[in-house]
Each structure stands twice: as C-alpha cells, then as structure tokens.
Amino acid sequence: MLFFSFFKTLTDQVITVELKNDLCITGTLKSVDQFLNIRLDGITVEDPERHPHMMAVKNCFIRGSVVRYVRMGARSVDTTLLEDATRRGEFMVRVLKGLRVD
Numbered sequence: 000m001l002f003f004s005f006f007k008t009l010t011d012q013v014i015t016v017e018l019k020n021d022l023c024i025t026g027t028l029k030s031v032d033q034f035l036n037i038r039l040d041g042i043t044v045e046d047p048e049r050h051p052h053m054m055a056v057k058n059c060f061i062r063g064s065v066v067r068y069v070r071m072g073a074r075s076v077d078t079t080l081l082e083d084a085t086r087r088g089e090f091m092v093r094v095l096k097g098l099r100v101d
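Using numbering that gives the first Met the number 0, you'd call the opening residue of the sequence shown number 0 and step up by one each time.
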C-alpha cells in the first residue's frame, strides 16, 4: 500500500512512465489504483519516430504490470513523508514477527 499511497499524492503532476517495451510516455497523472494501473492525460511520447501510432493519442490507461519505471520531478516527492512511511512499515514487520523493537 506504500506505493499506492505515494502515487496518489502525485495526482495532477507531470510524470514519465517507462514501459517494459521501452515506450516512454509523459503526461499528467489523473488516477492510480491499488494495482498501480495509471491513467495519464495530455500525453507525449519521448521517441515519436519509433512509436508513430502514439502521436494521435491524447490520454491513456497503463496496466500496472507493464510499467518498468515511473519518473517524476524531485520537487514532487516529499522525502520526509516517504521515509517515515517506510520506517512505520519496517516497525510493523518487526512487531508482527515478534522481533525486538529498538
């Protein structure tokens, strides 16, 4: 749920999604679901010569299982909030496993 919550905070921000077939799509993130499926509006393709069929497309739905990377601006990410969420996750794993918590 950490990634889902993180991507929900990026709604209405410009991101670039690199797919497993090497297609890179840049657009405004409109929605993301628990399967990390992504909906982008106002898309552009980084390599239009290689993917000319995508030039007419203005918005798209990307299945989460075909995503390789998601790139976004450094200012879009609240690293403090992300680090805290990660620590809480590690803490909960230790509690559930019955390990000593420092």
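Where is the CB? At the ideal position from N, CA and C, for every residue including glycine.
Inset, instruction - Evaluate the contact criterion for the segment 68 to 81 versus the segment 38 to 52: three or more CB pairs, one atom per stretch, below 8 angstroms. - result: no
Inset, instruction - Identify whether residue 19 lies in helix, strand or coil by the three-state DSSP scheme. - result: coil
Inset, instruction - Measure the beta-carbon distance from residue 24 to residue 31 and round it to whole angstroms, keeping in mind my assumption that it falls under 8 angstroms. - result: Not really, about 14 angstroms apart at Cβ, beyond 8 angstroms.
Inset, instruction - State the CB to CB distance for the pair residue 14 and residue 70, rounded to an integer number of angstroms; the pair is presumed to be in contact (CB under 8 angstroms). - result: 7 angstroms
Legend entry - Buried or exposed (CB count within 10 angstroms, at least 16 for buried), residue 80: exposed
Inset, instruction - Compare the Cα-Cα distances from residue 20 to each of 64, 58, 87, 84 and report the closest residue. - result: 64
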